[in-house]
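S.K.: Residue numbers (UniProt numbering): 1 to 197.
1) Are the Cβ atoms of residue 69 and residue 88 separated by less than 9 Å?
2) Helix, strand or coil for residue 25, going by three-state DSSP, please let me know.
3) Taking only three categories from DSSP, how would you classify residue 92?
4) Using the three-state DSSP reduction, which class does residue 63 fall into: helix, strand or coil?
5) When we look at the beta-carbon of residue 168 and count the other beta-carbons within 10 Å, is it buried (16 or more) or exposed?
6) Hey, how far is the Cα of residue 97 from the Cα of residue 122?
7) Could you tell me which uninterrupted beta strand (DSSP E) segments, each at least 3 residues in length, are contained entirely in the stretch 88–176, listed from first to last along the chain?
8) In this structure, what does DSSP give as the bridge partners for residue 81?
9) Give me, in chain order, the residues of the same chain whose beta-carbon lies closer than 7 Å to that of residue 153; leave out the 5 immediate sequence neighbours on both sides.
10) Do residue 60 and residue 151 have their beta-carbon atoms positioned less than 9 Å apart in this structure?
11) Are the Cβ atoms of residue 86 and residue 78 separated by less than 9 Å?
12) So the alpha helix (DSSP H) residue 74 belongs to, where does it begin and stop?
13) Measure the C-alpha to C-alpha separation of residue 136 and residue 142 and round it to an integer number of angstroms.
14) Using DSSP with H/G/I as helix, E/B as strand and the rest coil, what is residue 42?
15) Where residue 125 and residue 49 are concerned, what is the direct C-alpha to C-alpha distance, given to the nearest angstrom?
16) Given a cut-off of 9 Å, decide if residue 40 and residue 93 are closer than it, judged by their beta-carbon atoms.
17) Sorted by chain position, which residues of the same chain lie with C-beta nearer than 8 Å to residue 159's C-beta, five sequence neighbours on each side aside?
18) What is the rounded straight-line gap between the Cα of residue 64 and the Cα of residue 114?
Structure follows, in structure tokens:
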């Protein structure tokens, strides 16, 4: 499905004739049963091709681990840590995104399960859920979806206005239990947003 005609159609669909913008488009990159096989470089490359077609591109990396960031993780277990301009200590894939696409990301562009759970717990402690029993579905899944929608529209290329396309890399392996929530949200997002045909 990834051919020149598709890219041309995608770049044309990004703008309407009336000068308004269409809804954000998402490209989700997932892996199989083995981690560390190049999803980050693949996501960066897809973003570079889309950018070459005239689209404004942003990226998000979703990591299934409970750490809030990669700063305290062993480089022997997780790999190098990349430090963003805002001081965020993130997965090295975000460094690839910045270099491949000539963009500036923030710590919010790296979503971890730990960050999501912390945000939901903070909301529960403030009383945002009005006494409801907080559960994975819908509270955690809604938080992930809200986070994606909030971060995807942030300009990262120094220009005004939101990007056209958000490339989302779902880290880890698709079959692991700790990736279930994130993959469920991505699947729901695909259906809701009616991804590119």
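C-beta atoms are modelled at their ideal positions from N, C-alpha and C, and glycine is treated no differently.
M.R.: Let me spell this out:
1) yes
2) strand
3) helix
4) strand
5) buried
6) 30 Å
7) 89–91, 110–112 and 165–170
8) 91
9) 24 and 162
10) yes
11) no
12) Careful: residue 74 lies outside any alpha helix (DSSP H) and carries neither H nor E.
13) 9 Å
14) helix
15) 44 Å
16) yes
17) 56
18) 8 Å
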